[in-house]
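Using UniProt numbering, read the sequence shown as starting at 1 and increasing by one per residue.
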Amino acid sequence: MPPRSWSPSASILDAGLRAGLDLPYSCQERICGTCRAKSTGGAVRLDECDLDQADIDAGYVLTCRTRPLNDTAVIDFDQA
1 MPPRSWSPSA SILDAGLRAG LDLPYSCQER ICGTCRAKST GGAVRLDECD LDQADIDAGY
61 VLTCRTRPLN DTAVIDFDQA
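Structure, rendered in structure tokens:
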């Protein structure tokens, strides 16, 4: 998939949905975990979420609570 530009204030999920991407999600409130994905490149900031520390250390994020910190952030839903 080609790279996309994100607004630094938008979550990855919000930006993806606005761009017309078909992304997995349900609650958009950090509770259900449906939007879980793996950060595989670039830099992201994960806001408060209900993932355990082992998942966070392994690179997993909730895209409803994650914001890109640079233009090279890569999120992989297939590894979730």
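Glycine included, C-beta positions come from ideal geometry on N, C-alpha and C.
If you're wondering where the values come from, they're calculated on a predicted model, not measured in any experiment.
Helix, strand or coil at residue i [DSSP, three-state]
{"i": "Arg36", "result": "strand"}
{"i": "Arg45", "result": "strand"}
{"i": "Thr66", "result": "strand"}
Euclidean distance between Cα positions of residue i and residue j
{"i": "Thr34", "j": "Gln79", "result": "13 Å"}
{"i": "Thr66", "j": "Asp47", "result": "6 Å"}
{"i": "Asp22", "j": "Gly16", "result": "8 Å"}
Local Cβ density within 10 Å of residue i, reported as buried at 16 or more and exposed below that
{"i": "Ala58", "result": "exposed"}
Of the residues the options, the one placed nearest residue i, counting alpha carbons only
{"i": "Gly42", "options": "Cys32, Ser7, Asn70, Ser26", "result": "Asn70"}
{"i": "Thr72", "options": "Arg45, Arg18, Ala54", "result": "Arg45"}
{"i": "Arg30", "options": "Leu13, Cys49, Arg18", "result": "Cys49"}
{"i": "Ser26", "options": "Ile12, Ile75, Cys64, Val74", "result": "Cys64"}
Those residues which DSSP pairs with residue i across a bridge
{"i": "residue 132", "result": "Lying before the first or after the last residue shown, residue 132 is absent from the chain, which here runs from 1 to 80."}
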